[in-house]
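Numbering (this note's numbering), first residue to last: 1030 to 1784.
First comes the structure, then the notes that go with it.
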């Protein structure tokens, strides 16, 4: 990325700083003569661009985000005759800032004045906007280049239009701040005046893009386009959707996955004033379809929720009622502490272990996690005989179209999906069971329905991050160098959503273990048995959470056994590049760069001067093609752990919006700290024990440490940003606690071990 610098005061407030003209009128050509020269009717410029064929990364394929198509219009620029510019964002906004970052790339290449730009969320339409599923930290990776090209194409067409008016070469024209200028005579034409003429210019197939030094928005701290609306509460979320005649539904599901309704007495619920009906929703056995439940429909949400409590329901709990997470985690530990199914291997671990000066082993575990976004699942659906219209806080409008098309026996294109702002998602709103259920209710009740899951329903019958166990064994030679590494992992995989018969994680799910940047000659990865007993789904950072914890904490344990400090030991692990391929060499070098920056900013070399009971822990992890290192400083008094400061170093290639990237890392600390210290979903007799934030305590503002985010300068293309920051926090915290107190933690959320 370009060196981080602040925009000047005008730019920070959304204004361009360099000679911004006060008028859109041409300085040397009146409107009448201009339009005569243009020879076109009014209407402005509407520009679509294409996304080249892209097979998708491994992560995107796993999440169903990859596209094999060769032409997908994915972005539209609407430039009106008054100069106002509308840019549609095809990706879903969940608070991550994508609706600012991507349109700002368009505006930068277009030389548009950001204060003249309005951004709108696009409806679900992959024919117009390309793949819209938003997950896997893939939005900027996939859309950065096409969005820049869209802006550059628009600029070229505007310059071409101006050159036609002035009857000169395009080489004599340049664009800046919503105007095209004539180099020969200093004349200028506003974008609005050129819009209709530009609409008739050919779209360049390979528009010239700016160099990094020319960026005005990319790589700077640009305010979010909607921040004022968010601050004053005017931003419309999924739960805010209102329609004439709208009715409201509350729902409950079988508490155990695979269970079904045995009996229902709805008489008391129907007596509640304002209740319109009770709807049974059968299980719809397709990916992201409803697991089955019962809903109450009423004139308002409160009435529906209260009447729901009066239903007398008996469930057949099915085979998964045997699921108890405490016993299951113990079984996972047993499964990884014995030989398992080999997925990856190089060299000979047995020979390395046989020659070892010392051998170290440890087992790391973690519990289920709930996404628990501040806005629970919410949608409005209006199913009619010849139409179906949806308003949903979703990460994947296309999946809504597919699921409802299957249920209603219609074509996906006939399902109109309006994508609303989502108040948090983290992978949960990629699934659309809550939309399918609203469609079932709407069709049966013949009216528009708003369905909002309660917090309790979301926590008890949602999708969950995998519980996991990982066992690592490593050998050290007489110099404290790692010579062999055996890594066994067992966790119910996301693949079980699509193939319930899976009883262990696949080879692909352990690819990130095998391709870890540590340069270890003798290595083996194995997958232990782990059948799913609940719905496993994508959660922010996905498998990187437990891989990062195991790699980062075990490296610290090895450093201690080798008598070295963690920073030097990690660098040694990354240094021996003779054992790895070129791809891993780059990963090792960039991991070291991020680690060095975090350590320097945290004062790693001065850690011995910290007060008694304080310590600094380091960890670095590669995921989603990005590198994040964290240095966490803690204070430990007895069992009380207080996080004082986090220095986070980020290398994700070219950053679009520094402000957004900083916020993403700060948010990753919040989520990482929650899962490290307090949040865990527990099952007993097949059902979730937790119900709300009182027994699933996410981090509070009073717990927030000081967070400093440091960007690594990079000329690499943009890579993942939303998820990579979560993984390194827990190991850095664990290592800091050990430095401060001598206590070692190997289970998430953290519980002390005697070592």
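Beta carbons: idealized from backbone N, C-alpha and C, even for Gly.
Note that the coordinates shown come from a computational prediction; the quantities given were computed from them, not determined experimentally.
Next item on the list: Whole angstroms is fine: what's the gap from residue 1747's alpha carbon to residue 1577's?
Entry: 22 Å
Check: Which of the three DSSP states, helix, strand or coil, is assigned to residue 1420?
Finding: strand
Notebook entry, point to check: Quick one: any contact between the region 1122-1139 and the region 1247-1259, if contact means 3 or more CB pairs under 8 Å?
Noted result: yes
Margin query: Measuring straight from C-alpha to C-alpha, what distance separates residue 1435 and residue 1429?
Written below: 10 Å
Notebook entry, point to check: What does residue 1553 pair with, by DSSP beta-bridge criteria?
Noted result: 1374 and 1515
Next item on the list: Inspect the CB distances between the region 1401-1420 and the region 1585-1592 and report whether three or more fall short of 8 Å.
Entry: no
Notebook entry, point to check: Taking the beta strand (DSSP E) that residue 1457 falls in, what are its first and last residues?
Noted result: Counting along the chain, residue 1457 falls outside any beta strand (DSSP E), and DSSP gives it neither H nor E.
Note to self: Nearest by alpha-carbon distance to residue 1546: which of 1395, 1610 and 1527 is it?
What the structure shows: 1610
Notebook entry, point to check: Given that a residue counts as buried once 16 or more other Cβ atoms are within 10 Å of its Cβ, and exposed if not, what is residue 1722?
Noted result: exposed
Next item on the list: For the region 1216-1265, list the alpha helix (DSSP H) runs that are entirely contained and at least 4 residues long, ordered along the chain.
Entry: 1220-1227 and 1256-1260
Note to self: So, under 8 Å CB-CB, residue 1684 and residue 1690 are touching, yes? Tell me the CB distance rounded to an integer number of Å.
What the structure shows: 5 Å
Note to self: So, for residue 1274: in the same chain, excluding its five sequence neighbours on each side, which residues have a beta-carbon less than 7 Å away from its beta-carbon?
What the structure shows: 1476 and 1477
Checklist line | Start-to-end residues for the beta strand (DSSP E) that takes in residue 1362 | finding: Taken as a continuous stretch (DSSP letters only), residue 1362 belongs to no beta strand (DSSP E), being part of the alpha helix (DSSP H) at 1354-1365.
Next item on the list: Would you mind reading off the limits of the alpha helix (DSSP H) that contains residue 1008?
Entry: Nothing can be reported for residue 1008: it is not among the residues displayed for the chain, which extend from 1030 to 1784.
Item checked: Three-state class that DSSP yields for residue 1151 in the structure shown -> coil
Margin query: DSSP three-state label for residue 1791, please.
Written below: With the chain covering 1030 to 1784 only, the question about residue 1791 has no answer from this structure.
Notebook entry, point to check: Given residue 1318, which residues of its chain have a CB within under 7 Å of its CB, disregarding the five upstream and five downstream residues?
Noted result: 1432, 1462 and 1465
Next item on the list: Return the chain-ordered list of same chain residues with a C-beta closer than 7 Å to the C-beta of residue 1316, the five sequence neighbours on each side being excluded.
Entry: 1526 and 1527
Margin query: What does the alpha-carbon distance come out to for the pair residue 1205 and residue 1141?
Written below: 7 Å
Check: Where does residue 1151 land, buried or exposed, given buried means 16+ other C-beta within 10 angstroms?
Finding: buried
Notebook entry, point to check: Going along the chain, which residues of its own chain have a beta-carbon closer than 6 Å to the beta-carbon of residue 1232, five neighbours each way excluded?
Noted result: 1182
Checklist line | Proximal residues to residue 1805 (C-beta, below 7 Å), its chain only, five neighbours per side dropped | finding: In the structure as shown, the chain starts at 1030 and stops at 1784, and residue 1805 therefore has no counterpart that could be examined.
Notebook entry, point to check: Does the Cβ of residue 1262 have 16 or more other Cβ atoms within 10 Å, making it buried, or fewer, making it exposed?
Noted result: exposed
Check: Can you tell which of 1108, 1148 and 1110 has its C-alpha closest to the C-alpha of residue 1127?
Finding: 1148
Notebook entry, point to check: Do you know offhand how far residue 1653's Cα is from residue 1519's?
Noted result: 21 Å
Checklist line | Exposure label - residue 1331; buried when at least 16 CB within 10 Å | finding: exposed
Next item on the list: Report the rounded CA-to-CA distance for residue 1287 versus residue 1499, giving the unit in angstroms.
Entry: 28 Å
Checklist line | 6 Å Cβ shell around residue 1533 - same chain, five flanking residues per side excluded | finding: 1556, 1558 and 1559
Note to self: Three or more C-beta pairs under 8 Å: does that hold for the region 1635-1647 against the region 1753-1768?
What the structure shows: yes
Next item on the list: Compute the distance between the beta-carbons of residue 1503 and residue 1389, then report whether it is under 8 Å.
Entry: yes
Item checked: Cutoff 7 Å; reference residue 1336; Cβ partners in own chain excluding five residues on either side -> 1298, 1301, 1304, 1325 and 1327
Next item on the list: Give a yes or no on whether the C-beta atoms belonging to residue 1215 and residue 1203 are separated by under 8 Å.
Entry: no
Notebook entry, point to check: How about residue 1548 and residue 1604: do their beta carbons lie closer than 8 Å?
Noted result: yes
Margin query: Report the start-end ranges of each beta strand (DSSP E) in the region 1708-1764 that is 3 residues or longer and not cut off at the edges.
Written below: 1735-1740
Next item on the list: Count the other CB atoms, across all protein chains shown, that sit within 10 Å of the CB of residue 1020; report buried if there are 16 or more and exposed otherwise.
Entry: Nothing in the structure corresponds to residue 1020, since the chain is present only between 1030 and 1784.
Check: For residue 1755 versus residue 1701, is the C-beta distance shorter than 8 Å?
Finding: yes
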